[in-house]
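Going by the numbering used here, the sequence shown opens with residue 2, and the numbers climb by one from there. The beta-carbon is built from N, C-alpha and C at its ideal position, and this holds for glycine as well. All values derive from a computational prediction rather than experimental measurement. Before any comments, here is the structure.
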Amino acid sequence: MRYAETGFNLEIDLSHGSIDRVESDLELTKLHLGGLGTSARILWDRVPPETDAFSEDNLLIFASGLLCGTPAPGSNRTIVSTFSPQTQLLAYSMMGGFWAPELKHAGYDKVIISGKSPELVYLWIHNDKVEIRDASHLRGKGAIETAECIRKELKDPEIQVAAIGLAGENKVFYASIEQGRSSASRGGIGAVMGDKGLKAIAVRGTKDVNVARPAEFMGLCDDVLKYIKFRGENPIPGVPAILQGLGSPQEMAIHDEQWHTTSFMWGNARTRRKDFWTHEIEEKWRATQESVRTRLISCYNCPMKCGATISVPGQPTYMMKCYSKLTYTMAAYSDLEFGFRIAQRATEYGVDGFSTPQVMAFALELLEAGILTDADFPGMPADVEGRFFWLLDRIVRREGIGDVLADGVYWAARRIGKGAEKFDHNTIKKHEQLPLKLGMLNPVYYLMYSTGEKINITQIEGQFPQAPFPTMEEREAFVKDWFQVPDDKFKKYLLEWEPRGENSNPLYPSVEASCDIVDWQEKMHYIDDALGICAGLSSFPLKPPYHIHNFPKFVSAGTGFQFDEAELWKAATRNRTLLRAINVRRGMRRADDKPPEDHWKKRFPDLEKKLLDAYYELKGWNSDGIPTKESLLELELDCVAEDLEQRGIISHGQD
Ligand code: SF4
């Protein structure tokens with residue numbers, strides 16, 4: 002008997018219309034845990050590196066995490082992975098909500114989609130009954146509207162639906178997959194779903210998910226819930242409001258947006274408005290938010306309520322969480338009321354809330370600079386809000402200039418030419434980033450931006466404070482109950498970190514400390530993404546309820562395999578290295594590991610070289626960022642070593 006996982010995947014070949022229930026390999030669970038880990042292994046084994054994102058041979062994998070569907074609080078992540086049309090590298094994106102637990106209860110850990118359907122279809126999974134159904138009547142419908150139609154059609158309001166909107170159908174490179182209260186947005190995974198002719202996957206499951214040692218497992222869950230309550234009553238002092246508690250950034254609950262609106266850039270990641278936040282704005286935005294937010298909502302089995310239902314007069318209700326509240330507002334130099342209005346349409350279209358506003362701001366900058374002209378925007382309104390709606394409508398339909406912009410800033414700039422490339426100043430590896438432009442290089446963030454396989458900073462940071470505390474008293478107070486650290490050296494790093502002087506950015510945290518901090522942060526994300534735990538309760542916030550000391554107990558009591566801290570750390574290292582190898586095999590190298598050039602005003606090339614060298618060494622990679630044969634064998638990734646060797650990417654005795 003398998004515990005925590007079901008031990009079965011659904012294999013759907015849309016070219017042939019075949020559906021197979023396939024038992025998964027228990028040994029791979031022991032090596033990679035589940036979720037992103039085992040999905041990455043499937044992508045490594047089955048998708049040759051030459052495969053284009055829009056090839057029939059590309060796979061689109063919907064995975065539940067190993068602990069999804071168990072009583073572990075916040076274990077609800079669906080991890081969608083494939084190859085990105087925008088970067089041609091691995092794309093993986095997570096969504097909360099209820100979909101992954103429902104899939105587990107239907108009796109499956111993953112849905113692996115291959116091939117392409119000639120007609121638009123949707124997948125209906127109802128326990129053992131699985132059907133590919135006609136979706137021609139859903140063509141052109143919004144993602145949320147599609148979910149409602151399917152629930153009505155199948156006469157069950159409990160069905161969980163992951164769907165694409167018009168953007169996914171039209172293969173917009175930053176199309177998302179929406180699931181009611183959550184979305185998997187980054188990397189263009191919705192475009193791959195559209196390319197496969199798959200409008201939605203609807204799931205209903207009523208089976209049990211078993212855990213190996215239930216009493217022990219429930220005791221661990223109780224401890225997590227008690228700690229969540231404690232942290233709710235004891236916010237962390239001395240950090241911005243948004244970082245004081247647990248969960249996704251509590252954008253739906255809080256009104257104070259001083260930090261985002263004055264630190265992040267407006268327009269095409271261009272202008273910082275340090276004096277934007279005034280009492281008047283705060284009162285106006287508070288009134289707007291309270292008038293449209295109908296209630297706060299949680300994901301499956303989580304008390305945190307990070308999301309909200311939003312009802313803008315005259316528009317259908319939709320759900321929102323996190324920073325998408327501000328992305329359209331700030332890109333358009335507009336206000337919050339506009340942000341809530343356009344986000345409703347964008348959610349139905351199914352587009353990424355980070356990339357989309359930036360692409361539109363980029364287009365308007367090109368118009369202002371005379372690189373694009375009025376002839377490129379026939380009929381576009383004169384006001385900026387009208388322009389954003391107009392552009393959004395054209396992008397998702399790939400009409401006119403919208404077709405160019407639908408490929409994202411990097412590709413659009415190159416198609417437009419005439420100097421447009423200079424306006425592409427906020428992408429990494431062809432992917433839009435958070436609109437941040439700062440003064441002094443931060444060594445920890447330099448490494449995360451440069452090397453993260455997720456290729457965006459969202460959801461790869463966390464655990465370690467983003468800035469030093471001004472006084473030693475504050476630092477001592479912070480480290481006093483910091484039991485989540487994997488090693489006491491992290492307390493020392495924080496105690497020694499000063500806002501100014503020798504022990505401040507960019508020289509501190511030191512090269513060694515910066516590598517250690519990034520290593521810890523990303524390992525925790527790799528564990529979450531394999532187990533399906535929400536980063537909001539684990540790798541993202543300061544002092545979370547899940548950490549390296551209790552995760553092995555959850556995995557052991559859940560699955561029945563014995564995992565200690567060292568083994569879990571090693572599994573996370575293995576997954577991190579495997580993802581690197583996947584991208585390396587597709588051509589990624591050291592030259593690609595860099596942040597946007599103007600992310601920091603003050604750059605330090607020698608220090609940056611040292612940081613990258615030391616990080617690669619810590620990871621067991623060579624000086625070009627390629628995992629060494631020795632490190633691959635040490636991590637039991639022999640098949641990866643063999644393949645890279647056969648391709649001449651690594652050789653015996655390499656550096
Ligand atoms: S912490 Fe927030 S985003 Fe995470 S599972 Fe809970 S409600 Fe969902």
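Considering Val512, what are the terminal residues of the beta strand (DSSP E) in which it resides? Reading the sequence shown from its first residue, position 511 is the one you call residue 512. It is not in any beta strand (DSSP E) - Val512 instead sits in the alpha helix (DSSP H) that spans Val512 to Leu532.
Assuming Leu645 and Arg590 are in contact, meaning their beta carbons sit under 8 Å apart, how far apart are those beta carbons, in whole angstroms? Locating residue 645 in the sequence shown gives position 644, counting from the first residue. Locating residue 590 in the sequence shown gives position 589, counting from the first residue. Contact doesn't hold; Cβ gap of about 13 Å is too wide.
Sequence-distant residues of the same chain with beta carbon closer than 6 Å to Leu337, five excluded per side: Residue numbering aside, residue 337 sits at position 336 when the sequence shown is read from its first letter. Taking C-beta separations shorter than 6 Å and ignoring five residues to either side along the sequence, the partners of Leu337 in its chain run Trp286, Thr289 and Thr330, following chain order.
Any contact between the stretch 484–500 and the stretch 409–419? By contact I mean 3 or more CB pairs, one from each, below 8 Å. no
Can we count Met305 as close to the ligand SF4, meaning its CB is less than 8 Å from some heavy atom? As a working mapping, residue 305 is identified with position 304 in the sequence shown. The answer is yes for Met305.
Where does Thr39 land, buried or exposed, given buried means 16+ other C-beta within 10 angstroms? One-based indexing of the sequence shown puts residue 39 at position 38. By the neighbour-count rule (16 or more Cβ atoms within 10 Å), Thr39 is buried.
Put Trp391 into one of helix, strand or coil per three-state DSSP. Locating residue 391 in the sequence shown gives position 390, counting from the first residue. Here Trp391 sits in helix by DSSP.
Does Leu634 pass the burial test, meaning 16 or more other C-beta atoms within 10 Å, or should it be called exposed? Mapped onto the sequence shown, residue 634 falls at position 633. Leu634 should be labelled exposed.
Under the rule that 16 or more other beta-carbon atoms within 10 Å means buried, what is Thr328, buried or exposed? As a working mapping, residue 328 is identified with position 327 in the sequence shown. With 16 or more other Cβ atoms within 10 Å, it is buried.
So is the beta-carbon of Gly66 under 8 Å away from any non-hydrogen atom of the ligand SF4? Residue numbering aside, residue 66 sits at position 65 when the sequence shown is read from its first letter. Taking the Cβ of Gly66 as the reference point, every heavy atom of the ligand SF4 lies at 8 Å or farther away.
Could you have a look at Asp639 and say whether DSSP puts it in helix, strand or coil? Counting from 1 along the sequence shown, the entry for residue 639 is found at position 638. Helix, per DSSP.
Classify Ser557: buried if its beta carbon has 16 or more other beta carbons within 10 angstroms, exposed otherwise. Locating residue 557 in the sequence shown gives position 556, where the first residue counts as 1. So Ser557 ends up on the buried side.
Can you tell me where the beta strand (DSSP E) holding Ala164 begins and where it ends? For this step, residue 164 is matched to residue 163 along the sequence shown. Where Ala164 is concerned, the enclosing beta strand (DSSP E) stretches over Gln161 to Ala164.
Could you pull the start and end residues of the beta strand (DSSP E) that Asp425 belongs to? Start at 1 with the first residue of the sequence shown, and residue 425 comes out as number 424. That residue, Asp425, is in no beta strand (DSSP E); it is neither H nor E in DSSP.
How many Å lie between Tyr175 and Ser94 at the Cα? Residue numbering aside, residue 175 sits at position 174 when the sequence shown is read from its first letter. Residue numbering aside, residue 94 sits at position 93 when the sequence shown is read from its first letter. Roughly 12 Å between the two C-alpha positions.
Does Leu327 get closer than 9 Å to chain C when you measure Cβ to Cβ? Going by chain labels, chain C is absent from the structure shown, which holds only one protein chain.
Apart from the five residues on each side of it in sequence, which residues of its chain come closer than 6 Å, Cβ to Cβ, to Arg152? Taking the first residue of the sequence shown as position 1, residue 152 is located at position 151. Close CB contacts of Arg152 within its chain, under the 6 Å cut and outside five residues either way in sequence, are with Pro158 and Ile160 (chain order).
Grouping DSSP H, G and I as helix and E and B as strand, with all else coil, what is Lys156? Counting from 1 along the sequence shown, the entry for residue 156 is found at position 155. Note: Lys156 maps to coil in three-state DSSP.
According to DSSP, which residues form a beta bridge with Lys130? Taking the sequence shown and counting its residues from 1, the one referred to as residue 130 is at position 129. Looking at the DSSP assignment, Lys130 forms a beta bridge with His127.
With a Cβ-Cβ cutoff of 9 Å, do Lys322 and Met253 count as a contact? The residue you call residue 322 lines up with position 321 of the sequence shown. The residue you call residue 253 lines up with position 252 of the sequence shown. Yes, the pair counts as a contact, with Cβ atoms nearer than the cut-off.
Going along the chain, which unbroken runs of the beta strand (DSSP E) with 3 or more residues stay wholly within the stretch 196–261? 199–205
Distance between Val23 and Thr7 (C-alpha atoms, nearest Å): Within the sequence shown, the letter at position 6 stands for residue 7. Within the sequence shown, the letter at position 22 stands for residue 23. In a straight line, the C-alpha of Thr7 is about 11 Å away from that of Val23.
Pair within 9 Å by beta-carbon distance, Ala164 and Gly308: One-based indexing of the sequence shown puts residue 164 at position 163. One-based indexing of the sequence shown puts residue 308 at position 307. No, they are not a contact pair.
Relative to the ligand SF4, is the shortest distance from any of its heavy atoms to the C-beta of Ser299 smaller than 8 Å? Walking along the sequence shown from the start, residue 299 turns up at place 298. Ser299 Cβ: within cutoff of the ligand SF4.
Hey, Thr560 and Tyr4: beta-carbon distance below 9 Å or not? Against the sequence shown, residue 560 aligns to sequence position 559. Against the sequence shown, residue 4 aligns to sequence position 3. Yes. Within cutoff.
Would you be able to state if there are at least three C-beta pairs under 8 Å between the stretch 98–112 and the stretch 201–216? By the Cβ test, the stretch 201–216 is in contact with the stretch 98–112, since at least three Cβ pairs between them sit closer than 8 Å.
Given Asp656, which residues of its chain have a CB within under 7 Å of its CB, disregarding the five upstream and five downstream residues? Locating residue 656 in the sequence shown gives position 655, counting from the first residue. Interpretation of Asp656 is limited by its pLDDT of 48, a score under 50 that renders its predicted location unreliable; the figure taken from the coordinates is listed afterwards. For Asp656, where only same-chain residues beyond five positions count, the Cβ hits under 7 Å are Asn623 and Ser624.
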